[in-house]
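Report on the structure given below.
Residue numbers (this note's numbering): 2 to 381.
Set out below in structure tokens:
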């Protein structure tokens with residue numbers, strides 16, 4: 002079967018065809034060398050392997066899995082999601098103009114605001130989930146449009162295809178943070194994005210034991226992509242081979258995990274939406290969600306593992322519920338096989354997050370057990 006005919010489950014389970022050619026093992030080995038041999042004529046034995054900063058077979062194998070899952074022309078791994086974000090912004094010239102979705106991951110917004118201020122980059126933050134707001138912001142020329150869909154923690158959904166048309170008309174590159182969707186549910190490049198970013202720490206790895214980020218592109222000839230690749234090599238923002246190997250191992254079950262997590266999250270969202278002690282549930286899989294129709298069009302096979310809810314009774318009540326949960330771990334992250342809960346206002350108190358908002362990252366546990374845990378926490 003040709004590579005382009007393979008589906009996500011096959012690409013992931015087979016690690017895009019990677020094996021250990023040295024031993025014949027079905028599991029790829031780990032290449033730990035930081036430097037490589039040259040022959041008596043001082044010519045590298047392999048022209049693509051000169052120094053480990055940007056040349057490692059294990060890293061390349063993990064990148065190939067992501068490239069194939071994403072339907073990308075090229076993918077590059079970074080040591081964290083924020084390192085990938087930073088690589089994109091470092092490719093912008095001083096004085097550039099960026100249109101950025103508001104209400105997204107606070108770590109991205111905080112770093113971007115500081116960086117743009119230092120580099121005299123014009124930053125316009127808008128509600129990109131409102132098409133008219135994005136269109137208005139892009140009436141003037143822009144260098145980049147950055148969206149996150151579904152967004153964290155509000156689960157706002159942006160029409161990627163529509164955003165692509167608006168961005169390109171403005172002369173801008175469209176970058177999509179697809180961390181909460183994964184390429185299993187949404188292939189942003191197919192919908193018109195130029196670059197897509199994932200915090201691979203989250204669902205791509207899925208086991209809460211690897212820090213990683215990844216960027217993928219539709220056109221490797223894009224000048225911004227070439228700047229990113231050069232910067233990664235020269236500045237050394239490289240993931241280690243062991244982390245890349247762990248990431249590749251985690252991705253072999255990615256479609257299975259995402260399917261189970263999405264089904265669990267929908268069941269949890271429906272339970273919470275009907276509970277009298279919950280004000281509102283933010284989850285794109287609910288028909289009541291303002292972005293449900295967009296999500297239905299551009300998310301295939303599920304609506305993701307992330308949701309937020311407002312607890313009746315304010316901050317005190319929300320903290321009581323979080324404190325009583327027994328299966329949901331109280332920890333900051335998302336996308337792992339284990340379910341997590343956050344009281345977001347405690348994590349980011351100065352960003353307008355309601356004090357009664359809790360964010361759930363739903364894992365692969367038996368959903369009946371997760372709902373029972375929520376029931377006892379809400380009703381106790």
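Cβ coordinates follow ideal geometry from the N, Cα and C atoms, glycine included.
Exposure label - residue i; buried when at least 16 CB within 10 Å
i: residue 148; result: buried
i: residue 189; result: buried
i: residue 60; result: buried
i: residue 227; result: exposed
i: residue 306; result: buried
i: residue 244; result: buried
i: residue 140; result: exposed
i: residue 288; result: exposed
i: residue 263; result: buried
i: residue 1; result: Residue 1 lies beyond the range of the chain shown here (2 to 381); nothing can be said about it.
i: residue 33; result: exposed
i: residue 187; result: buried
i: residue 26; result: exposed
i: residue 44; result: exposed
i: residue 98; result: buried
i: residue 138; result: buried
Separation of residue j from residue i, as counted between CA atoms
i: residue 322; j: residue 362; result: 15 Å
i: residue 150; j: residue 158; result: 5 Å
i: residue 185; j: residue 206; result: 13 Å
i: residue 136; j: residue 293; result: 21 Å
i: residue 173; j: residue 324; result: 45 Å
i: residue 46; j: residue 119; result: 44 Å
i: residue 368; j: residue 265; result: 5 Å
i: residue 283; j: residue 65; result: 34 Å
i: residue 340; j: residue 51; result: 42 Å
i: residue 165; j: residue 373; result: 42 Å
i: residue 77; j: residue 109; result: 19 Å
i: residue 242; j: residue 300; result: 31 Å
i: residue 202; j: residue 82; result: 7 Å
i: residue 70; j: residue 199; result: 12 Å
i: residue 327; j: residue 218; result: 41 Å
i: residue 132; j: residue 87; result: 26 Å
i: residue 208; j: residue 252; result: 10 Å
i: residue 212; j: residue 79; result: 9 Å
i: residue 382; j: residue 146; result: In the structure displayed, the chain extends from 2 to 381; residue 382 sits before or after that span and is not available.
i: residue 366; j: residue 347; result: 26 Å
i: residue 35; j: residue 183; result: 31 Å
i: residue 210; j: residue 160; result: 32 Å
i: residue 29; j: residue 115; result: 41 Å
i: residue 364; j: residue 345; result: 18 Å
i: residue 249; j: residue 152; result: 25 Å
i: residue 278; j: residue 338; result: 27 Å
Which residues DSSP lists as bridging residue i, in chain order
i: residue 79; result: 214
i: residue 343; result: 360
i: residue 199; result: 215
i: residue 21; result: 26
i: residue 52; result: 36
i: residue 45; result: 39
Best match in the options for proximity to residue i [C-alpha to C-alpha]
i: residue 230; options: 291, 89, 299; result: 89
i: residue 17; options: 6, 140, 287; result: 6
i: residue 237; options: 145, 264, 56; result: 56
i: residue 192; options: 348, 179, 26; result: 179
i: residue 273; options: 12, 380, 24, 208; result: 380
i: residue 310; options: 201, 161, 156, 348; result: 156
i: residue 144; options: 122, 153, 247, 42; result: 122
i: residue 113; options: 330, 93, 375; result: 93
i: residue 13; options: 175, 67, 25; result: 67
i: residue 308; options: 154, 318, 127; result: 154
i: residue 317; options: 80, 247, 356; result: 356
Any non-hydrogen atom of the ligand ZN within 6 Å of residue i CB
i: residue 238; result: Among the components of this structure there are no ligands whatsoever, and the ligand ZN is therefore not found.
Note down, one range per segment and in chain order, each beta strand (DSSP E) of at least 3 residues found wholly within the stretch 350-379.
358-362
For the stretch 250-330, which segments carrying the alpha helix (DSSP H) assignment without a break, of at least 4 residues, lie completely within its bounds, in sequence order?
255-274, 293-299, 315-325
Please list the segments of the beta strand (DSSP E) lying wholly inside the stretch 79-116, counting only runs of 3 or more residues, in order along the chain.
98-102
Threshold first: 3 residues or longer. Then list the beta strand (DSSP E) segments lying entirely within the stretch 120-159, N to C.
123-127, 145-149
Residue ranges of each beta strand (DSSP E) within the stretch 153-194, 3 or longer:
174-178
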